[in-house]
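Before any comments, here is the structure.
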Ligand SMILES: Cc1cc2nc3c(=O)[nH]c(=O)nc-3n(C[C@H](O)[C@H](O)[C@H](O)COP(=O)(O)OP(=O)(O)OC[C@H]3O[C@@H](n4cnc5c(N)ncnc54)[C@H](O)[C@@H]3O)c2cc1C
């Protein structure tokens, strides 16, 4: 007899509480399939919905705007997601107090709309290879920004192509011919009056993509663009008026906003897979096909064991991803709160966990959304099912915010370091502290011990043996 521990769990309360009132709002629902819209229409439509939602939300909820939006619209075309997800959150994490007072109200009240320009035509993964330069001119107390080669052209940045008037740009900082590596700067790219390019700036849309076509991913070239010294985000690293460079405590802090986005991607993966499961399970209940015996009448396709195996695997993965996100999100909030007070020693740890989960969640969601689509037969291929959009959006998330293979290798590197520490007799702390334990084979008989603590210990045992 199997013994289960029951968990009181209400997904809706857990997840949707603050946005339940938006669920049936017709202003946020799509009348037309986006496949019938031109790219301009897609962008227009997405922006209208986004602005509507933004106005509807109370001021307190605006910081969580992207989170709320994605709660309901994982498959939908978003207006300017990078503005909140990367531009505003980078400002929040990397501005010094004076800069925060100036920039945050503008960003969070949508007085300006921003993008995040890091990737270049030549480099995405290997950030040390970025070629955009920011040379300090102490005489004028300005930085001079350039994209000196074709490969240094900023590429892929969301909203850069048409919508944004500002961006965070990542550039190699030079002071008196010495390179200090990549740093984040705030750069105005278009006029707030008529949306024309600022002097020395050229941007444009990079063209149609396999997904996310309501977002104007763009390119950007810069020719001797001057910005004041205080537009280097100086919470950690600083450049003084005379060109003295002061190095902050932790170089990784510059990429803190990517951590919040990776954390959100785990949530969106779970959300997208939940949507796909809902569609496919409902379809499988109402879809009648084939007789078990001649004359017995057709039956719901969910009766087939193969259908159950595929869909229930997808469904259980959805729950696993939700709980993984919930747990890592708590850690993420805590570590970033500590970082805001200058305590950045947990960054490597957080980065490693998020990199691994970002890869696993997007890979698993992509795989199982495809399964859900196949479970709907031909109807799953019709855009009207919603599944092709979910599938293509999720597949793309395996690449953005760090290619999955590169990400998972970074987690592997961290785990190898953990193994080395254990072999050297050190005690691991935090998420990986379970690797300290010596596991026995006491729980081999799973049937008689199927309670949560035993299952957890089995997973920990398995995980330790997978690591080393
Ligand atoms: C839809 C979308 C939106 C994006 N939005 C933005 C944005 O707003 N702002 C921004 O700055 N960027 C953005 N990007 C860029 C994105 O972050 C990069 O595309 C991503 O980091 C991968 O870099 P890459 O394209 O240079 O790939 P590459 O690094 O060239 O990767 C190509 C292949 O080489 C492999 N590879 C590369 N390096 C290694 C390694 N060290 N070890 C093993 N294998 C390796 C990869 O696994 C991959 O298979 C976006 C990308 C997409 C697709």
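In full-length UniProt numbering, the protein residues as written are 1 to 468.
Just so you know, even glycine gets a beta-carbon here, dropped at the ideal spot from N, CA and C.
Can you give the Cα-Cα distance for residue 316 and residue 279, rounded to whole angstroms? Position 316 of the chain shown holds residue 316. Position 279 of the chain shown holds residue 279. So the two alpha carbons sit approximately 15 Å from each other.
Can you tell me whether residue 95 is helix, strand or coil according to DSSP? In the chain shown, the residue the question calls residue 95 occupies position 95. Here residue 95 sits in coil by DSSP.
Spatially closest choice to residue 469 from 79, 242, 114, 431, by CA coordinates: Past the edges of the chain, shown from 1 to 468, lies residue 469, and the structure says nothing about it.
Only counting the same chain, and skipping five residues up and downstream in sequence, which positions put a Cβ closer than 7 Å to that of residue 421? Taking the chain shown and counting its residues from 1, the one referred to as residue 421 is at position 421. These residues qualify, in order along the chain: 428.
Neighbour-count burial assignment, residue 272, 16 or more Cβ in a 10 Å radius: Walking along the chain shown from the start, residue 272 turns up at place 272. Residue 272 should be labelled buried.
For residue 393, does the three-state DSSP call read helix, strand or coil? What you label residue 393 is simply residue 393 of the chain shown in a count that begins at 1. Helix, per DSSP.
Have a look at the DSSP bridge pairing and note the partners of residue 155. Residue numbering aside, residue 155 sits at position 155 when the chain shown is read from its first letter. BP columns for residue 155 point to 219.
Go ahead and label residue 376 buried or exposed: buried means 16 or more other beta carbons lie within 10 angstroms of its beta carbon, across all protein chains shown. Along the chain shown, read from residue 1 onward, the residue named residue 376 stands at position 376. With 16 or more other Cβ atoms within 10 Å, it is buried.
Through-space distance from residue 214 to residue 94, alpha-carbon basis: Residue 94 sits at position 94 when you count from the first residue of the chain shown. Residue 214 sits at position 214 when you count from the first residue of the chain shown. In a straight line, the C-alpha of residue 94 is about 28 Å away from that of residue 214.
Which two residues bound the contiguous beta strand (DSSP E) that contains residue 142? Numbered from 1 along the chain shown, position 142 holds the residue referred to as residue 142. Note, residue 142: beta strand (DSSP E), 142–146.
Have a look at the DSSP bridge pairing and note the partners of residue 135. By 1-based counting over the chain shown, the position of residue 135 is 135. BP columns for residue 135 point to 144, 174.
Any chance the segment 251–268 sits against the segment 327–336, with 3 or more Cβ pairs inside 8 Å? yes
Simplified DSSP state of residue 460, which is helix, strand or coil: In the chain shown, counting from the first residue as 1, residue 460 sits at position 460. Of the three classes helix, strand and coil, the one that applies to residue 460 here is helix, per DSSP.
Check whether the Cβ of residue 131 sits closer than 7 Å to any heavy atom of ligand 1, and report yes or no. On the chain shown, position 131 is the one that residue 131 refers to. Flag unset: Cβ of residue 131 not near ligand 1.
Looking only at its own chain, which residues have a Cβ that is under 7 Å from the Cβ of residue 180, when we skip the five neighbours before and after it? As a first step, residue 180 is located in the chain shown; it is residue number 180 there, counting from the start. Once the five neighbours on either side are set aside, the close Cβ partners of residue 180 are 173, 245.
Residue 247 to residue 141 span [Cα, whole Å]: Position 247 of the chain shown holds residue 247. Position 141 of the chain shown holds residue 141. Answer to the nearest angstrom: the Cα atoms are 19 Å apart.
Consider the C-beta atom of residue 424 and the heavy atoms of ligand 1; say whether any pair is separated by less than 7 Å. On the chain shown, residue 424 is found 424 positions in, with the first residue counted as 1. Residue 424 Cβ: outside cutoff for every heavy atom of ligand 1.
Span of the alpha helix (DSSP H) holding residue 297? To locate residue 297, count along the chain shown from 1; it is residue 297. Where residue 297 is concerned, there is no enclosing alpha helix (DSSP H), given that its DSSP letter is neither H nor E.
What are the boundary residues of the alpha helix (DSSP H) that residue 362 is part of? Here residue 362 corresponds to residue number 362 of the chain shown, with the count starting at 1. 347–375 is the span of the alpha helix (DSSP H), which, as asked, contains residue 362.
contact_flag[the segment 197–215, the segment 378–396] where n(CB pairs < 8 Å) is 3 or more: yes
Under the three-state DSSP convention, the category residue 424 falls into: Locating residue 424 in the chain shown gives position 424, where the first residue counts as 1. The answer is coil: DSSP assigns residue 424 none of H, G, I, E or B.
Could you have a look at residue 468 and say whether DSSP puts it in helix, strand or coil? Within the chain shown, residue 468 is the residue found at index 468, counting from 1. In this structure, residue 468 counts as coil in the three-state DSSP scheme.
Among 216, 136, 318, 253, the one whose alpha carbon lies nearest that of residue 231: Within the chain shown, the letter at position 231 stands for residue 231. Residue 136 is the option with its Cα nearest to residue 231.
How should residue 452 be labelled, buried or exposed, when 16 other C-beta atoms within 10 angstroms of its C-beta is the threshold for buried? Residue numbering aside, residue 452 sits at position 452 when the chain shown is read from its first letter. Burial call: exposed.
Please report the straight-line C-alpha distance between residue 324 and residue 454, rounded to a whole angstrom. Position 324 of the chain shown holds residue 324. Position 454 of the chain shown holds residue 454. About 18 Å.
So, residue 235 versus residue 96, is the Cβ gap smaller than 8 Å? Sequence index remark: in the chain shown, residue 235 carries index 235 (1-based). Sequence index remark: in the chain shown, residue 96 carries index 96 (1-based). Yes, these two residues count as a Cβ contact at 8 Å.
Beta-carbon proximity of residue 233 to residue 186, cut-off 8 Å: The residue labelled residue 233 in the question sits at position 233 within the chain shown. The residue labelled residue 186 in the question sits at position 186 within the chain shown. Contact flag set, yes.
Let me know the secondary structure DSSP gives residue 429 once reduced to three states. As a working mapping, residue 429 is identified with position 429 in the chain shown. In this structure, residue 429 counts as coil in the three-state DSSP scheme.
Between residue 171 and residue 132, which are expected to be in contact by the criterion C-beta below 8 Å, what is the C-beta distance as a whole number of angstroms? Locating residue 171 in the chain shown gives position 171, counting from the first residue. Locating residue 132 in the chain shown gives position 132, counting from the first residue. Between residue 132 and residue 171 the Cβ distance is about 4 Å, and since that is below 8 Å, they are a contact.
Based on the DSSP secondary-structure assignment, which residues constitute the bridge partners of residue 183? Taking the chain shown and counting its residues from 1, the one referred to as residue 183 is at position 183. Answer is 171, bridged to residue 183.
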